[in-house]
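Mapped onto mature numbering (1 follows the signal peptide of the UniProt record, and there is no 0), the consecutive letters of the sequence shown carry residue numbers -19 to -1, 1 to 187.
Glycine included, every Cβ here is placed at the ideal spot set by N, Cα and C.
Have a look at the structure below before the remarks.
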Amino acid sequence: MKNLFILIFFLLINTFCFAQIITDMDAISPFQDEMAAVKKGNQWGFVNKNGELVINYRDDLVVEKNSSKNKVNTIDYPVFKDGMCLFKKMINDIYYYGYIDKTGKEIIPPQFLNATNFVNGYALIIAPSKDVIGFNEILKKDIVSSNIEEYVINTSGERIRYLENPIKYDSSKRKSKKPPVFHSKFVGPNLVAVQKKDLKWDVYEF
């Protein structure tokens, strides 16, 4: 009986003091917004500060370029900012970008051709747009001009500032899966800079 109590005692120590919460990860990121990205194979998930895998491994999370690489941290990884993380979904051979919350639920559906992570409650997105510029009498159909336009959005997905820089763009002729590049960037609280076609920059308040 004494030996049985000793065995149970050591099992309890191993269970409560030396428990392995998550194992066999290929990479783990620093915590941001109380979430850390974990990688297994080609998939990423997220753990909370209790070490619980709260978002299971998946292959649609968008990695952010790591601008502060060092000997310990040399990888790019997805991040949560303002409670949101970027993900992408292929629709008709084109990737569209949206956002999930900390439960993995789609909070802003994939609808943008490119998107940034949130900064202080705002993000930049590139959205497709089509303008009817005429009518083809022979084919009996509208003549449509396809553009991409950049906006500032809030965490509800509302477009709160149009950045006045439409660019002609035909996604069907895109040769690669790379998204269109941004011509705008945040430069301060509620300030965004936009590069125009003449390569000059304008700053807008929102």
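Tell me which residues share the same chain as residue i and place their Cβ nearer than 6 Å to its Cβ, disregarding the 5 neighbours each side in the sequence.
i, result
"Leu120", "Its pLDDT being 49, under 50, Leu120 is placed unreliably in this model, and the value from its coordinates should be taken loosely. Closer than 6 Å at Cβ, skipping near neighbours: no residue."
"Trp182", "Ala174 and Gln176"
If we count the other Cβ atoms within 10 Å of its Cβ and call it buried at 16 or more, is residue i buried or exposed?
i, result
"Val184", "exposed"
"Ile148", "exposed"
"Val175", "buried"
"Met71", "exposed"
"Leu94", "buried"
"Lys69", "buried"
"Thr84", "exposed"
"Glu186", "exposed"
Give every residue of the same chain whose Cβ lies closer than 7 Å to the Cβ of residue i, excluding the five residues on either side of it in the sequence, and list them in chain order.
i, result
"Pro90", "Gly79"
Cβ atoms of residue j and residue i: under 8 Å apart, would you say?
i, j, result
"Met6", "Lys30", "no"
"Ile81", "Phe163", "no"
"Pro59", "Leu34", "no"
"Pro146", "Tyr103", "Pro is not the amino acid found at residue 146; the sequence shown has Asn there. No, the pair does not count as a contact, with Cβ atoms beyond the cut-off."
"Lys158", "Tyr76", "yes"
What does the alpha-carbon distance come out to for the pair residue i and residue j?
i, j, result
"Leu144", "Phe99", "17 Å"
"Ile88", "Leu180", "35 Å"
"Ala17", "Asp40", "16 Å"
"Val28", "Lys178", "43 Å"
"Leu105", "Ile3", "34 Å"
"Gln92", "Glu45", "19 Å"
"Phe61", "Glu139", "19 Å"
"Asn128", "Ser165", "16 Å"
"Asn101", "Cys66", "14 Å"
"Gly26", "Arg142", "32 Å"
"Lys86", "Thr97", "18 Å"
"Asp57", "Gln24", "13 Å"
"Phe167", "Pro109", "21 Å"
"Phe12", "Val19", "10 Å"
Quick one: what's residue i bridged to in DSSP?
i, result
"Leu105", "Val133"
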